[in-house]
Amino acid sequence: MDSTTNNSEWPLWEVFIRSKAGLDHKHAGSLHAPDYEMAIENARDVYTRRMEGVSIWVVESKNIHASDPGQSASMYEPANDKIYRHPTFYNLPDEVKYM
Amino acid sequence: MTVISFQEHFDEKIDKDQTIEPKDWMPEDYRKTLIRQISQHAHSEIVGMLPEGNWISRAPTLRRKAVLLAKVQDEAGHGLYLYSAAETLGISRDEMYAQLHSGKAKYSSIFNYPTITWADMGAVGWLVDGAAIMNQVPLCRTSYGPYARAMVRVCKEESFHQRQGFEIMLNLSKGTEVQRKMAQDAFNRWWWPSLMMFGPPDAESPNTENSVRWRIKRFTNDELRQKFVDVTVEQAKILGLTVPDKDLKWNEERGHYDFGVIDWAEFKNVVKGNGPCNRQRLETRKKAWEEGQWVRDAAMAHAEKRKARKASAASTLAEANAA
């Protein structure tokens, strides 16, 4: 990816939007901007033209670290055989309601 | 894993209709096809602002002007979503711009036709955006995650574009005789180029087979074109306008409209760069890019200044606290 990186380009930012009070911020997309303040302003224009948000987070893309999809099998394997972590694992008599 | 097993893993995901994400292994041809298609799509959104930008200052009412501005702003946004999606495949924004400006990358040929009357704003919204939506809706389920997510956003915003165009056509077709003629004239000029927007016939479309296999495309060019004709002919009836095709006929057996032969020689000629506005469009884009250099530089300088100012304020504060 480095071979195509151009130093004159504005840095890349990932944009997260809270669509309404009480909800999580969710990834909306990305954009280029010289600094975080302009990134937030640009994010407002690009991602909230129709009142899609009440709060914006921006994170410079280079600061995001992701798990390796090639390792997914072993990464999430430990959860596979632990069905007792789900409420449906337990048999309760029908008389017990609201549990 | 060997390359073969990477390939098998990829094929399995495609067959199960799972999405491919930026960090997943993908065949080089898949990556190249996507970069070509997504960047071409992004360029189309950006160049697509030009024929309509032509009418912002001359829109007949304040309402129409506000609507047109909003539509053109949406198109800038759509270009940005798509450029971002392409960037996840390892090509830079500047590289894509360079490909557009050098003529190496194409954009939709429809934007090489001029918008000479106000009715063209109606026809572009109704037909060009209508055809674009027909193409774009299946792309919301395309196999590459970032592209599919960008398209969901685009499609949500796009439907007002077509409706405002249809509304312009409706008003004109119910207006004076001159206005009705203006609407028909715009329809006549935009109908065939709109049908060409779906690309060459399947038999001559070199990219279709792989794209369908990889679930980048879910319908072929001809399937989508037929769907567009069937829907649009009915809408033309509501407008009371005549489809400019003497061979257009409902085919009971097929359950579709038969339509005349498309002038593919014209299509190829416009793709090659000889359409009415190719040169003008590219020059406008290049000029905007070159003349915008100082804005990009100034914004960067401003960001650095702001950063330096904050740093010095922080150190002054630290000194004051120490003293």
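Protein chains in written order, with the working numbering: chain A, 1 to 99; chain B, 1 to 323.
Beta carbons are placed, not taken as given, at the ideal position from N, Cα and C, and that holds for glycine.
Only a predicted model underlies this, so the values are computations on that prediction, with no experimental measurement involved.
Of all Cβ atoms in chain B, is any one closer than 7 Å to the Cβ of residue i?
i, result
"residue 95 of chain A", "no"
"residue 29 of chain A", "yes"
"residue 69 of chain A", "yes"
"residue 1 of chain A", "Reliability of the predicted coordinates at residue 1 of chain A is poor, the pLDDT of 39 falling under 50, and no value is obtained from them."
Please compile the residues from chain B whose C-beta is within a distance smaller than 7 Å of the C-beta of residue i.
i, result
"residue 66 of chain A", "23"
I'd like the span of the alpha helix (DSSP H) that includes residue i, first residue to last.
i, result
"residue 74 of chain B", "62-87"
"residue 168 of chain B", "145-173"
"residue 92 of chain B", "First-last for residue 92 of chain B: undefined, no H or E at that position."
"residue 24 of chain B", "Per DSSP, residue 24 of chain B belongs to no alpha helix (DSSP H) and is neither H nor E."
"residue 28 of chain A", "That residue, residue 28 of chain A, is in no alpha helix (DSSP H); its beta strand (DSSP E) goes 25-32."
"residue 36 of chain A", "36-47"
"residue 55 of chain B", "49-56"
"residue 312 of chain B", "293-322"
"residue 272 of chain B", "Segment: none, residue 272 of chain B is in no alpha helix (DSSP H) and carries neither H nor E."
Distance cutoff 7 Å, beta carbons only. Does residue i sit that close to anything in chain A?
i, result
"residue 275 of chain B", "no"
"residue 303 of chain B", "yes"
"residue 211 of chain B", "no"
"residue 312 of chain B", "no"
"residue 12 of chain B", "no"
"residue 84 of chain B", "yes"
"residue 8 of chain B", "no"
Please identify the residue among the options whose C-alpha is closest to the C-alpha of residue i.
i, options, result
"residue 105 of chain B", "B:274, B:37, B:29", "B:37"
"residue 140 of chain B", "B:242, B:260, B:82", "B:82"
"residue 46 of chain B", "B:188, B:275, B:77", "B:77"
"residue 156 of chain B", "B:71, B:251, B:200", "B:71"
"residue 75 of chain B", "B:118, B:101, B:129", "B:129"
"residue 53 of chain B", "B:127, B:285, B:264, B:274", "B:285"
"residue 272 of chain B", "B:40, B:13, B:109, B:8", "B:109"
"residue 55 of chain B", "B:44, B:69, B:43", "B:69"
"residue 86 of chain B", "B:135, B:43, B:121, B:17", "B:43"
"residue 267 of chain B", "B:190, B:18, B:10, B:255", "B:190"
"residue 142 of chain B", "B:215, B:299, B:291", "B:215"
"residue 64 of chain A", "A:8, A:13, A:9", "A:13"
"residue 241 of chain B", "B:186, B:287, B:163, B:305", "B:186"
"residue 237 of chain B", "B:184, B:255, B:258", "B:184"
"residue 31 of chain A", "A:46, A:79, A:95", "A:46"
"residue 197 of chain B", "B:301, B:101, B:263", "B:263"
Closer than 9 Å by beta-carbon distance: list the chain A residues that pair up with residue i, in chain order.
i, result
"residue 93 of chain B", "6, 9, 10, 12, 32"
"residue 307 of chain B", "35"
What in chain A is Cβ-close to residue i, meaning under 7 Å?
i, result
"residue 248 of chain B", "Per Cβ cutoff of 7 Å: no residues; residue 248 of chain B is ~37 Å from chain A at best."
"residue 80 of chain B", "31, 46"
"residue 5 of chain B", "In chain order: nothing, as chain A lies at least about 11 Å away."
Could you name the residues of chain E that residue i contacts, counting a contact when the two beta carbons are closer than 8 Å?
i, result
"residue 300 of chain B", "Absent from the structure: chain E. Protein chains present are A and B."
Just the chain B side, please: which residues come within less than 9 Å of residue i by C-beta, in chain order?
i, result
"residue 49 of chain A", "70, 73, 74, 77, 157"
"residue 75 of chain A", "In chain order: nothing, as chain B lies at least about 13 Å away."
"residue 38 of chain A", "299, 302, 303"
Find the residues of chain A that neighbour residue i, judging by a C-beta separation of less than 8 Å, and give them in chain order.
i, result
"residue 102 of chain B", "The contacting residues do not exist; residue 102 of chain B stays about 15 Å from chain A at best."
Looking at the unbroken beta strand (DSSP E) that takes in residue i, where does it start and where does it end?
i, result
"residue 17 of chain A", "12-18"
"residue 60 of chain A", "55-60"
inquiry  = Which residues of the region 179-209 of chain B have a Cβ closer than 7 Å to any Cβ of chain A? Give them in chain order.
reply    = Of all residues in the region 179-209 of chain B, none comes within less than 7 Å of chain A when Cβ atoms are compared.
inquiry  = Counting only Cβ-Cβ distances shorter than 9 Å, please list the residues of the region 25-55 of chain B near chain A, keeping chain order.
reply    = For the region 25-55 of chain B, the set of residues with a beta-carbon nearer than 9 Å to any beta-carbon of chain A comprises 25, in chain order.
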